[in-house]
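Asker: Residue numbers (UniProt numbering): 1 to 379. The beta carbon of each residue, even a glycine, is placed where N, CA and C say it ideally should be. Once you've had a glance at the structure underneath, I'll fire off some questions.
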């Protein structure tokens with residue numbers, strides 16, 4: 001199978017202090033590549049669509065759309081069917097996405113835990129595994145997990161690998177690329193991967209901003225502004241775990257992070273939680289109350305400075321625990337005993353659309369966004 005042109009389209013330019021040269025327009029091949037992405041993204045989001053409907057969505061000419069659709073059909077990325085006309089009118093050919101036309105693997109890597117997923121072009125998960133990570137051999141563990149998944153699905157057209165990790169290096173990418181039969185991985189931090197999953201296939205609307213809080217060993221946040229992930233200088237945006245919060249003025253990580261939860265409820269119950277089990281626990285309820293009391297401070301700051309349309313909370317914790325935390329946050333914001341003024345407005349809060357905050361899922365989308373679909377800056 002022949003694949004479309006690969007490679008990221010968001011090139012970084014270095015600031016050398018010299019005057020910038022005049023911007024050069026896209027080459028013909030790059031224009032064609034982008035038009036293909038526009039058509040495929042329109043079909044993925046709104047399909048099935050006829051040629052006329054694609055023209056309205058994309059603003060491309062009829063002959064151009066026909067040529068692109070022919071190429072996408074050859075790549076087995078779209079299928080065509082006859083749509084019967086309304087009220088006995090003429091029928092037309094409509095084009096739909098073929099999810100099985102391409103697959104991708106995404107890996108979330110923590111210091112001691114990992115998750116890998118295999119998804120199709122629509123974002124449907126076909127395989128998922130959780131695994132332990134040896135901090136001294138993260139590359140080897142990740143490669144072995146990916147290799148086993150590829151072997152289990154050898155007949156599928158797997159086009160790439162994405163990795164979501166906050167401390168992954170270029171050297172590690174070189175190492176895993178040398179070991180793997182899949183091309184060099186695309187890498188993003190965990191919150192950006194989570195946001196990409198929400199933006200591309202999640203339930204969150206695209207209007208306004210989106211804030212995502214990931215609760216894990218540490219607490220971090222990510223921001224989607226006008227559909228584009230915002231990282232800040234040196235990628236420091238969203239380092240909320242280092243904030244001093246609550247009436248006792250302690251670091252957020254030490255109250256909300258997993259180590260705090262583990263020490264409160266014990267190793268056995270903590271393991272049960274990460275396995276998705278929900279159970280009544282007075283210690284867990286106390287952690288939820290304390291976590292909400294400290295987590296509200298950065299949420300208020302987000303509402304005041306960014307005013308996102310929604311703040312989502314994702315974690316490996318069960319859905320019920322996340323919902324209980326959000327409920328407690330709504331109670332805390334009305335408590336004037338610790339905060340003398342009521343918060344006049346705060347962004348609506350809800351759980352992330354996907355388990356684990358969708359971090360591994362977002363990682364699996366990276367090869368699609370860099371080779372087939374429109375990247376966030378273009379969509």
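#1: Specify the secondary structure class of residue 139 as computed by DSSP and reduced to three states.
#2: So, under 8 Å CB-CB, residue 108 and residue 115 are touching, yes? Tell me the CB distance rounded to an integer number of Å.
#3: I need the boundaries of the beta strand (DSSP E) containing residue 311, first residue and last residue.
#4: Check the DSSP bridge columns for residue 120 and list the partner residues they point to.
#5: Identify whether residue 131 lies in helix, strand or coil by the three-state DSSP scheme.
#6: Could you tell me whether the segment 184 to 204 touches the segment 308 to 315, where touching means 3 or more Cβ pairs closer than 8 Å?
#7: So, with DSSP's three-state summary, where would you put residue 110?
#8: Beta-carbon separation of residue 254 and residue 260 under 8 Å?
#9: In the DSSP assignment, the alpha helix (DSSP H) including residue 158 goes from what residue to what residue?
#10: Taking the alpha-carbon of residue 47 as reference, which of 97, 249, 266 has the nearest alpha-carbon?
#11: Alpha carbon to alpha carbon, what distance is there between residue 244 and residue 373?
#12: Between residue 368 and residue 202, which are expected to be in contact by the criterion C-beta below 8 Å, what is the C-beta distance as a whole number of angstroms?
#13: Taking the DSSP output, what are the residues bridged to residue 81?
#14: What separation, rounded to the nearest whole angstrom, lies between the Cα atoms of residue 103 and residue 283?
#15: On the DSSP letters alone, give me the boundaries of the beta strand (DSSP E) that residue 212 sits inside.
#16: If I measure Cβ to Cβ from residue 23 and keep anything under 8 Å in the same chain, skipping five residues before and after, which residues do I get?
#17: From this set, 370, 371, 360, which residue's C-alpha is nearest residue 189's C-alpha?
#18: How do the segment 60 to 69 and the segment 34 to 51 stand: do at least 3 beta-carbon pairs fall below 8 Å, yes or no?
#19: Taking the straight line between their C-alpha atoms, what separation do you get for residue 220 and residue 275?
#20: Sort out for me which residues DSSP pairs residue 195 with in a bridge.
Answerer: Put simply:
#1: helix
#2: 5 Å
#3: 310 to 315
#4: 103
#5: strand
#6: yes
#7: coil
#8: yes
#9: It is not in any alpha helix (DSSP H) - residue 158 instead sits in the beta strand (DSSP E) that spans 158 to 164.
#10: 97
#11: 40 Å
#12: The pair is not a contact, with the Cβ atoms about 15 Å apart (cut-off 8 Å).
#13: 94
#14: 42 Å
#15: 210 to 215
#16: Residue confidence for residue 23 is low, a pLDDT of 41 falling below 50, so the modelled location carries little weight; the figure read from the coordinates is stated next. Closer than 8 Å at the Cβ level, and outside the excluded window around residue 23, lies no residue.
#17: 360
#18: yes
#19: 22 Å
#20: The partner list for residue 195 (beta bridge, DSSP) is empty, contrary to what the question assumes.
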